[in-house]
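K.L.:
What follows is a structure written as structure tokens; I'll ask about it next.
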């Protein structure tokens, strides 16, 4: 009877804080009785992130995956916006357009090469605060992934971006752009670190798309395509 009473309390509580408090107070055997343990919740969150990588991040690897996606499209940094404007002012619109496009092409190529890095990063996550993440904001799992992996992923992703810039010809295009700009009278020379910039922007794009899928799973029952996802995120629905 005590176990049944505790379950009824969970269903009746409406606020996240109240639900959180009750969950924390449940003995392990009761948690098991409703089909959820910390391990289950952690595995469910990992599965949601894996699904985000598989469904959403792979979209970024396709042609125009970045360039035609306004959520993640890489735009020029402030330093290069004046370069873009100056080129267009003197009739070099095509060169300016190509400069923007190749940055996005490099990101698309790099994400394809680096997807295993993201998959492995998810496997390494230990959700010590699994229940808090589950009952957190719409992108709480993604933000946890970002906070715990961004630094390490940057180090691994940076050389991939560098290779991709060369592979798609972005380094040559931008060398041409910068050289032309620097020879224009009354302009200040620029020498941007495009590898660093595209690396940071591409990583942000990846996290953005993972968050898109996390939001889908949190808000749409049809996106919970496995028993584990349905079981774990059903607890979130009760908050």
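In my numbering, the protein residues as written are 599 to 837. From the three backbone atoms N, C-alpha and C, an ideal C-beta is built for every residue, glycine too.
Is the region 674-691 in contact with the region 633-651, if contact means three or more CB pairs nearer than 8 Å?
P.N.:
Too few Cβ pairs lie closer than 8 Å, so no.
K.L.:
Hey, how far is the Cα of residue 625 from the Cα of residue 767?
P.N.:
Annotation note: pLDDT 41 at residue 625 (below 50); position unreliable, coordinate value reported separately. Taking the straight line from one Cα to the other gives about 59 Å.
K.L.:
Figure out for me which residue from 773, 674, 724 and 831 has the closest Cα to the Cα of residue 816.
P.N.:
Checked all of 773, 674, 724 and 831; the closest Cα to residue 816 is 831.
K.L.:
What would DSSP say about residue 645, mapped onto helix, strand or coil?
P.N.:
DSSP places residue 645 in helix when its eight states are reduced to three.
K.L.:
Please specify which runs of the alpha helix (DSSP H), each continuous and at least 4 residues long, are wholly inside the region 695-780, giving them in chain order.
P.N.:
Within the region 695-780, the complete alpha helix (DSSP H) runs of at least 4 residues are 728-732, 738-765 and 768-780.
K.L.:
With C-beta atoms as the reference, is residue 658 less than 8 Å away from residue 706?
P.N.:
Cβ atoms of residue 658 and residue 706: closer than 8 Å.
K.L.:
For residue 655, which residues of its own chain have a beta-carbon under 8 Å away from its beta-carbon, when the five flanking residues on both sides are left out?
P.N.:
These residues qualify, in order along the chain: 709, 713, 716, 804, 807 and 808.
K.L.:
How would you label residue 857, buried or exposed, when you count the other beta carbons within 10 angstroms and need 16 or more for buried?
P.N.:
Only positions 599 to 837 of the chain appear in the structure, and residue 857 is not among them; the question remains open.
K.L.:
Return the CA-CA distance between residue 771 and residue 700, expressed in angstroms with no decimal places.
P.N.:
Looking at the two C-alpha atoms, the distance is approximately 8 Å.
K.L.:
Terminal residues of the continuous alpha helix (DSSP H) containing residue 813?
P.N.:
Looking at the DSSP string, the run of the alpha helix (DSSP H) that includes residue 813 is 792-817.
K.L.:
Closest by CA to residue 757, which one among 647, 651 and 794?
P.N.:
The shortest C-alpha separation from residue 757 is found at 794.
K.L.:
With C-beta atoms as the reference, is residue 812 less than 8 Å away from residue 727?
P.N.:
Against a cut-off of 8 Å, the Cβ pair of residue 727 and residue 812 comes out as no contact.
K.L.:
Is it buried or exposed for residue 673, if we count other Cβ within 10 angstroms and need 16 for buried?
P.N.:
The residue is exposed, with fewer than 16 neighbouring Cβ atoms inside 10 Å.
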